[in-house]
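First comes the structure, then the notes that go with it.
There are 2 protein chains.
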Amino acid sequence: MELFEAMRTQRALRRLKPDPVPEELIWQILEAATGAPSGGNLQPWNFVVIRDPGIKRKLHEFYLDGMAHVTRPSGSALADTNDARMGRSARYLAEHLAEAPVLILATVRLADVASTTPPGACIYPEVQNLMLAARSLGLGSVLTTLHRHREKDVVALLGIPTGIETMALIPLGWPLDRHGPTRRKPAAEIAFWDRWGRTQSNSSRTPG
Amino acid sequence: MELFEAMRTQRALRRLKPDPVPEELIWQILEAATGAPSGGNLQPWNFVVIRDPGIKRKLHEFYLDGMAHVTRPSGSALADTNDARMGRSARYLAEHLAEAPVLILATVRLADVASTTPPGACIYPEVQNLMLAARSLGLGSVLTTLHRHREKDVVALLGIPTGIETMALIPLGWPLDRHGPTRRKPAAEIAFWDRWGRTQSNSSRTPG
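So the protein lines, in turn, are chains W and V. Letter by letter, the first sequence follows residues 324 to 531 of my numbering. Letter by letter, the second sequence follows residues 324 to 531 of my numbering.
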């Protein structure tokens, strides 16, 4: 699949069939993930591929606990309540997380992240590659973080050592919905030129 | 360009020509960036496209100050000193940052990020799309964060309001070096199955 086409049509697909995902596709997705960069190429990442039903059920429990407690400072709902599709899809995931054939937990080794670098800089580029690869293979995925409300329990459940932080839990599977165009603000609204707030339309300055 | 090809060959290219980048390519890259996901589709991102020589010189100064002070907890050098190419390219960037034709500063509006979500989850997927798009257009880029050592000064320089955090500074331009295969640990080493440390080679368990 062409790169820009994949990026334009990578939707969060939360409604997944329970059908298994062939292991060769999982490897292909993991290889794609590790193509993304990290500071000093230290590659402080790991991916735990979870298919065990008992472990998935526990993670589902932690996810729901997160959903019950997590808020945004702005007061916005976790899912956009003006977006019926997103609301339905988020509710579906809340009910069916453990039925996703694969959950991928992405982690970072904090000791290899520089002091000014948010640890996410060394894992979310990888997660994005992972989700783009999934999209191009026809698989659905979504980046979730609600399990982090129960980080200590997640760490205990999976035997994760000290110094490793879990950064994302990504359900992966064959989607019930379709990939397709995403709904985003136009770049012209969110891009500023040389100074905060200076869009090209509100600036009389000719870009140099 | 094909998606997997772009992901396999996206190198950090830090040695950039000073030649200008056509504005239509910058827009194409910004549109690609905004294709990536954010929690609740709240899109808490902005991108400040910096071409003003005076502003670039100040950011260069902050970058060098970061380089002089930033460390990793593990004690690893900021750039892999066993990798001659990376060392040379990192030194070049330290000397020439202000000469890059474009610096893109990626920011996050913290109020729209959920309490369990590292803010990077809503910006580094975008940064990765941006860098993949650049790669496919033949442009070089690299994700840097050293300017964050002087976050307050960066914020004052660009007039960034309270509640917005700068997450990455990405030099963008025509590269002196080539894109090409990256050097990464094999996925089989960093992927675990159902439990931390359980690679497929050290596990007798047949994956289900």
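Where is the CB? At the ideal position from N, CA and C, for every residue including glycine. All of these numbers come straight from a predicted model, not from anything done at the bench.
Judged by their CB atoms, V:G463 and V:L336 are nearer to each other than the 8 Å cut-off.
The C-alpha of W:P343 is placed about 5 Å away from the C-alpha of W:P424.
Each of V:G496, V:V477, V:W497 was checked against the Cα of V:E488, and the nearest Cα belongs to V:V477.
Residue-level contact by beta carbon fails for W:R411 and chain V, as no gap is shorter than 8 Å.
In terms of Cβ geometry, V:I493 and V:L466 form a close pair [threshold 8 Å].
Between W:A359 and W:E449, the C-beta gap is smaller than 8 Å, which places the two residues in contact.
Of all residues in the stretch 334-359 of chain V, only A335, E346, W350, L353, E354, A355, T357, G358, A359 place a beta-carbon less than 7 Å from a beta-carbon of chain W. For V:N369, the residues of chain W that pass the 7 Å Cβ criterion are I513, F515, in the order they occur in the chain. In the three-state reduction of the DSSP assignment, V:W516 falls in the strand class, which pools E and B. Residue burial annotation: W:T430 is buried, with at least 16 other C-beta atoms found within 10 angstroms of its C-beta. With contacts defined as CB atoms closer than 8 Å, W:A355 and W:A437 fail to qualify as a contacting pair.
Sequence-ordered contacts of the stretch 393-405 of chain V with chain W read V393, T394, R395, P396, S397, S399, A400, L401, A402, D403 [C-beta pairs closer than 8 Å]. When only Cα atoms are considered, W:P341 and W:L420 end up about 10 Å apart. With respect to chain W, the C-beta atom of V:R380 has no partner C-beta closer than 8 Å. In the three-state reduction of the DSSP assignment, W:G362 falls in the helix class, which pools H, G and I.
Counting of Cβ neighbours within 10 angstroms places V:R507 among the buried residues, the total reaching 16 or more. A direct Cα-Cα distance of roughly 25 Å separates V:T505 from V:V393. For W:I493, the closest Cβ of chain V is not nearer than 8 Å.
Put simply, the CB of W:S438 is near chain V, with a gap under 8 Å to one of its CB atoms. In the three-state DSSP reduction, W:R432 falls in the strand class (E or B). Across the stretch 475-486 of chain W, CB contacts with chain V closer than 8 Å involve L481, G482, I483, P484, in sequence order along the chain. Apart from the 5 residues on each side of it in sequence, W:H383 sits with its Cβ closer than 8 Å to the Cβ of L420, A421 in its chain, given in chain order. No Cβ of chain W is located within less than 8 Å of the beta carbon of V:V425. In this structure, V:G389 and V:A402 do not form a Cβ contact; the two beta carbons are roughly 13 Å apart against a cut-off of 8 Å. Here the alpha carbons of V:G496 and W:A417 stand approximately 43 Å from one another.
Following the DSSP letters along the chain, one finds V:P376 inside the alpha helix (DSSP H) bounded by residues 376-392. Closest by C-alpha distance to V:R380, out of V:G520, V:A511, V:H470, is V:H470. For W:P448, the chain V residues whose C-beta falls within less than 8 Å of its own C-beta are Y447, P448, V450, Q451, M454, L466, listed in chain order. Contacts between V:G363 and chain W, judged by CB atoms closer than 8 Å, involve R395, S399, A400, L401, A402, D403, M409 in chain order.
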